[in-house]
Structure formats: C-alpha cells, structure tokens
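2 protein chains.
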Amino acid sequence: MEEKVFVLTHKALFEEGLALESGRFIQPLEIAYETYGELNPDKTNAILICHALSGSANAAFWHRDARKPGWWDVYIGPGKAIDTDKFFVVCSNVIGGCYGSSGPTTINPATGKPYGLEFPVVTINDMVNAQVKLMDYLGIDKWLCVVGGSMGGMQVLSWAFHHPDRVRAAIPIATTMQHTAQQIAFNAVGRQAIMRDPNWNQGNYYGSTPPYQGLAVARMIGHITYLSDEAMNIKFARRLREKEKYGYDFSIDFEIESYLDYQGDSFVRRFDANSYLYLTKAIDYFDLSSEIGPEQMEKVEAEFLLISFSSDWLYPPSQVEEIAKLLESYNKDVSYCCVKSDYGHDSFLIYNKQQERLIKGFLEHLMSEVEK
Amino acid sequence: MEEKVFVLTHKALFEEGLALESGRFIQPLEIAYETYGELNPDKTNAILICHALSGSANAAFWHRDARKPGWWDVYIGPGKAIDTDKFFVVCSNVIGGCYGSSGPTTINPATGKPYGLEFPVVTINDMVNAQVKLMDYLGIDKWLCVVGGSMGGMQVLSWAFHHPDRVRAAIPIATTMQHTAQQIAFNAVGRQAIMRDPNWNQGNYYGSTPPYQGLAVARMIGHITYLSDEAMNIKFARRLREKEKYGYDFSIDFEIESYLDYQGDSFVRRFDANSYLYLTKAIDYFDLSSEIGPEQMEKVEAEFLLISFSSDWLYPPSQVEEIAKLLESYNKDVSYCCVKSDYGHDSFLIYNKQQERLIKGFLEHLMSEVEK
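Residue numbers (this note's numbering), protein chains in the order written: chain A, 1 to 372; chain B, 373 to 744.
Structure below.
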C-alpha cells in the first residue's frame, strides 16, 4: 500500500493584475498552485499540468482530510507516468475557477464582497496567460512539457500555439480546437439549468442558498457526455436500484438515475455555480482554428503527443486527429494515438496502461533529448 | 397552394375505465382522437397513427387558429404517403398526455381537481390498451397498419407483439425495443430538471405558476438528442447571433443557444410538465425484449416495414436493425430500410422523399393484398 504523501496548495499574488482578451482586467490576480518534485539546476525538468472543468491545483498526492488524492494521482508521483522523482510538476487552478485562483467567488476589493458576475469573462488564452505569470514567478523559462485533458487539453494547445518559445513539448488529450454546435449546446443547456434556478439570482447568491438544483442538473448533463453508452451499459444497463420491479412512481427506478442523482448532488457541495458558467463559457469561446494563421503555425516549435480515446463521444477521436493532421500539414513533430477504452471521455482520468506508457515514454525521450 | 382543411378533435368516454399494468385504474377513461378519410364498408382500410412524446391527436390538417397543421401533415392527406382518399386514418392522444386524453391535467372525479401525481403511472402497453378500446368503439376489427415514430414506434411494436390478431401490418420508425442506460439517462435528467424546479411542488402547480424553467431545460436536453451533430453544424455551426464578436457575458452568444432557448420557452406554453414526467417514464419502462418469449414471437402476424435514419443518434439505425433481426430470426415478413438523412432523430417528422415512397409503397401493397 502506497503511503499517503500530503501536499498543500500555495498562492501567488500578482498586484499588477492580468489584462484579458475581452479588454477587461483582473486586479489583483491570485493563482493557487501546487508543485511536486524538485526543479533541477538547469530548470529543464518542469512540467505543467492543466486541469479540466471540475479539477483543481491538487493534481496529485493528498490534501489533509481529503477522501481522495489529487485528480490525476494515478499518473503523477514517484515512478509513475509523470515521475516526480525526475520532474518538477506544477499544477495551478484556472482563473474563473473556484479552487483558490481569482474567480467569481473571490472577494472583489472594490466592494468587499465576492465578485459574482462582476468577475470578467475569461478565455482559455486568458487562463494560459495567467499561467505564464506563474511560470515567470517560479523562475521557469521553458516547460519541458505541458499536459492536460479536455479543457486542460485546450490550455495545452493555447500554450503550444500562442507561446511557442516557452514550450518544448505538448500532450493534449481528449480535446478539440473548437466546439461544434452540439458541444456548445450541451454547455449552453447546463448554463441555462443554473441561470433558470431562482436561487441563482443573477449570480448574487453568496451568503444565501446557492442554485444547487440547477448546478446539479448541469452536472448530470455533463456526466452523460463524460461516459460512453458502452460504459453506461457495462456499469448500469437497465438494472433497477434496490427493487425487483418498477416503482410506478417518480422516485428513482434505475441505477443510472441513482448514479446521476448522486453525481449531481455531490458536485454542488464542492463546486461553485458561477464558476461553472465561467468555465463552460471559456470552453465554448475557444476557437483555435480561427485564431491561428499560417504565419503562427510556422512558429510552433513543440513536439506533440496527441491522445484520444476510442469511446469518447464528447471529444471524439476525429477531433483530436484533426489537430494531428493540421500539425502534420506544417511538418511538425507529431505522434497521435487513439487508445482503446470503453470509458468514454472520462477515460483520460482513469488509470490505463496505454496512456501511462505513452506519456512515460514521451517524457523520458524528451528528458534524454534535453540532457544531450 | 394547398387549401386549409379544418378538423376537430373528438372525445370518447369509457365509463368502465382501464386497468393498467401497475395494477391501478384510470376511471373514467377519456380518449381524444381525430379521424381523416372514410372507413370502407369492409372496414379493412383503417390505419392507426401513434404519436411521439410531444405530439397530439392532431396528426394532419388544421385546427382553427393553429399556426401549423398537424404534426405529420407532410405524410397524411389526399394523395400523400398515407392517402386519406384511400384510407381511414385514426390518431389518438396517448393516456398520460396533455392533449385531451386522460392524464395528470384531467380532473380527478374524486377531488374535482386535476390529478397531478395522483394520476397513475402508465406504460406504453397501457397506451396501446387504451387505443384498443378506441378501436372497438370505432367498430374496427383489425388495423390495416399501425404507424409511428419514436415513442410512437414503441406503441407500434406493442400493438404488433401484444395484439397480433388486430394488426395486419406495422411501420415502426426511428425507435427501439428498450432504452439503454444512456437513453434512460437523458430522460432522467429531463425529469430531474422539472422536479428540482421549486414551482413543480410535487406536481401540484395547477392554478399557480407551473415549473416552466425546469420544463424548458428538459426540452432543451431533448432537442440536443433530436438533432444530429451534422444537422446542428449545417443549421448553426459556431455562428453568433446578431453579433460579430463574443459578448463576454452570459447572455446568448451563439445561434445554437438562441435556438435551444426558443425551443425550451415555446414548449412550456404548449405542454404540461407532469405529462413530460409520465411520458418519459413510460418510454424508460418500455422493454419489449424482456416481455416477449419465443411463444409470443410465434404469434406475431404483422408484416413489418422498419425505418431508421442514418444520422439519428437518439435511436440509432443499429437499434432498429436489431428489431429487424429478431423478427427475421422468427421468419417474419420484414423490410428494413435506413434512410440517409442529416437531420438526426427529427428526420422522421420532416418531409423526405424516401420515407414517403417507402410508406406509400408499403400501404399500396397492403391494400392490394386486402382487395384480392
């Protein structure tokens, strides 16, 4: 049995703030982050982990009193795919989030109250620009690699395309360059579920009852897209919960209903409804293909390892392949792999040997190149 | 330009009521129905149309003051696929619905108030058993054909398998023998959106504000599943509504958001939230494959025309094909056709030449067999 290693989230404060793509500012800017492992004297072994919608800076190891380790603990740690005996690993909470970085729950210095919707809308590129500040603060000149899945993968792409001189390699996983109409639709309905909850109150619910019901429904919709039809049939099929027959009422009949209910209700205890609006909006706005022209493509330097999952229908393999093809058309250094898995979009969060081997091998190769 | 032909919905009252699969009763039973065309002296030209979740008895022609003709007017009428010059066409509102047949909005004779959740939970087989009563009332011994898509297709299957002696032919369209976990999940989240709206009030909202917000969200979720990713990209892509740039706020940016919002908000003006619960529950409960053994399969007499649509991801072609394969394994008379269409599940409601030709040809062949 692995011994529990405890870690803390640090905070970096940037009084000068951050200018956003919208033309607005976050001032001051706070970034919550964690680091694992040691930065080497040449500062060439730093890896940035970018989290997905519901993630936090706690990517690995344990917080005291937590019931679970960090969200990617299966891949980050001594001897693991991202080996903390070799690499200096950094993970920060995105801006707009609710786990310590500046976001709608942050106290607005102008009013002394949480920002709520006064917090400016942020983009994926803004999230990355905030991470650039953290990088400078930590004295890192170039990431050996930037890694992340889903919304984290979008940040990885933003790093590689918009900050080519600061990224040696990139691992975007289960992600896309831009949302299609259907992908926007799922997020939009989640936002509507929150904003149509009377407790949302235009985002001013801090100090009163938050829009728990709306956020729970939004999370349930999300969960349908995270699991594949196959995964749901393996896990739940049409099994009834604690019953042998239909109840012929509107209480829970099926195990899948019970699962979604649980996911919805437990999410509201750990996530902020306004943050859900901000992060899904950032995802919907992300549109790398419209931002990047041939000139910018030429400047991209990173080596890429792109990973998709066979049963992911939120960001299907075809969308990851599209990124690979674009990069290949500019003769970039690209490996693309579609990992066979039944677990849908969630596959990237779950331990699997193929993803471990791909990431581990890629990082070892990078480190050997650097050490040459 | 076609001349508007006006029709009325009739009501049939069955004082003796209806016994349900749950063991409960609806008493009295009311059925709202429409008929088009004339029943021939031999009573061999009667076709039953079964409607989907949001449909009504008004399948074709016009109601006075309506903004649109009946929901399947493109396929039903003089000279159309279901030719009202040749056939006697019947369509009734399902029980549990909100368009005139017994349902949660009906006045409970015991209390003088709408049933609300006191109305018993009904199944697809119950809906069909109510239609059997209507059939007897109309003096029809055997339907020439029973036709319907989606939830309507489930009723068609229930007719063909549970009432084999009363159905000469069946056309189940874009449907399934049973919901998978994912299909249950979409319905379950819709129900949660309604039941978590404080205005739902355990179904007792008649006379006060109904749970409009929850029902609108449920309908939006539904609409994502009715349209394919392709259809959404053709119709909306990432186009912005009345803007050239992102708004950087939480109002509507994308056309797809505006479409969903409109669909949600217009639905609540014409549909009852409790009915939404009853009908989605009936759909989730439907599980023909677990009900039907080899003995019952042997008794199935109907000729089948099964239709699916290439881009339907709610009831994908594979689920319709599964029905065809089951029937073929018992040497039944089955034609199965997957129609190419970009419009997703909604394809069955939209005019398309292939579906028209398939239905028209099948019905003409049936009639010529009967007339032999």
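Glycine included, every Cβ here is placed at the ideal spot set by N, Cα and C.
| Query | Result |
| --- | --- |
| Assigned exposure category for E369/A - 16 Cβ within 10 Å defines buried | exposed |
| Three CB pairs or more closer than 8 angstroms across the stretch 168-180 of chain A and the stretch 189-203 of chain A | no |
| Start and end residues, alpha helix (DSSP H) containing Y598/B | 584-598 |
| Bridge partner(s) assigned by DSSP for G395/B | Looking at the DSSP assignment, G395/B forms no beta bridge with any residue, so it has no partner. |
| C-beta atoms of V692/B and L699/B nearer than 8 angstroms | no |
| Proximal residues of chain A, C-beta to C-beta of L632/B below 8 angstroms | A185, A188, V189, Q192 |
| I566/B vs L587/B beta-carbon contact at 8 angstroms | yes |
| Euclidean distance between Cα positions of A273/A and G139/A | 34 angstroms |
| Between the CA atoms of D621/B and D718/B - distance to the nearest angstrom | 32 angstroms |
| Start and end residues, beta strand (DSSP E) containing L305/A | 303-309 |
| Cβ of M195/A within 8 angstroms of any chain B Cβ | yes |
| Spatially closest choice to T652/B from A542/B, A557/B, L516/B, by CA coordinates | A557/B |
| The stretch 156-183 of chain A: positions lying closer than 9 angstroms to chain B by Cβ | Q178, H179, T180, A181, Q182, Q183 |
| CB contact check: N233/A to chain B, cutoff 8 angstroms | yes |
| Span of the beta strand (DSSP E), counted from its first residue to its last, around K11/A | 10-14 |
| Residues near L686/B in its chain [Cβ-Cβ closer than 6 angstroms; skip 5 each side] | T597, H717 |
| For K406/A, three-class secondary structure by DSSP | Residue 406/A lies beyond the range of chain A shown here (1 to 372); nothing can be said about it. |
| Limits of the unbroken alpha helix (DSSP H) element including I49/A | It is not in any alpha helix (DSSP H) - I49/A instead sits in the beta strand (DSSP E) that spans 46-50. |
| Q550/B Cβ short of 7 angstroms to the ligand HEM heavy atom set | Questions concerning the ligand HEM fall outside what the structure shown contains, since it holds no ligand whatsoever. |
| Terminal residues of the alpha helix (DSSP H) in which S530/B lies | 523-534 |
| Neighbour flag for L277/A against chain B, beta carbons, 8 angstroms | yes |
| P591/B versus S251/A - alpha carbon distance | According to the sequence shown, residue 591/B is Arg rather than Pro. Taking the straight line from one Cα to the other gives about 20 angstroms. |
| Start and end residues, beta strand (DSSP E) containing E30/A | 29-36 |
| Proximal residues of chain B, C-beta to C-beta of Y285/A below 7 angstroms | Y618 |
| For V711/B and F681/B, believed in contact at Cβ under 8 angstroms, the rounded distance | 5 angstroms |
| Backbone secondary structure at K485/B - three-state DSSP | strand |
| Reference A231/A; option with closest CA among T552/B, K617/B, A560/B, E629/B | T552/B |
| Closer than 8 angstroms to chain B by CB, M151/A | no |
| Any C-beta of chain B under 8 angstroms from that of V320/A | no |
| Span separating the alpha-carbon of K485/B from that of E387/B | 18 angstroms |
| Cut-off 6 angstroms between Cβ atoms - residues of its own chain near E627/B, not counting five sequence neighbours on either side | F608, R611, R613 |
| Within 8 angstroms, strictly: CB atoms of A169/A and L144/A | yes |
| Cβ-based neighbour list, A696/B, same chain, cut-off 7 angstroms, excluding 5 preceding and 5 following | L678, V706, Y708 |
| Host beta strand (DSSP E) of V90/A (start-end) | 88-92 |
| Cβ-based neighbour list, G77/A, same chain, cut-off 6 angstroms, excluding 5 preceding and 5 following | A60, T84 |
| Inter-residue CB distance, L13/A and E30/A (contact presumed, cutoff 8 angstroms) | 6 angstroms |
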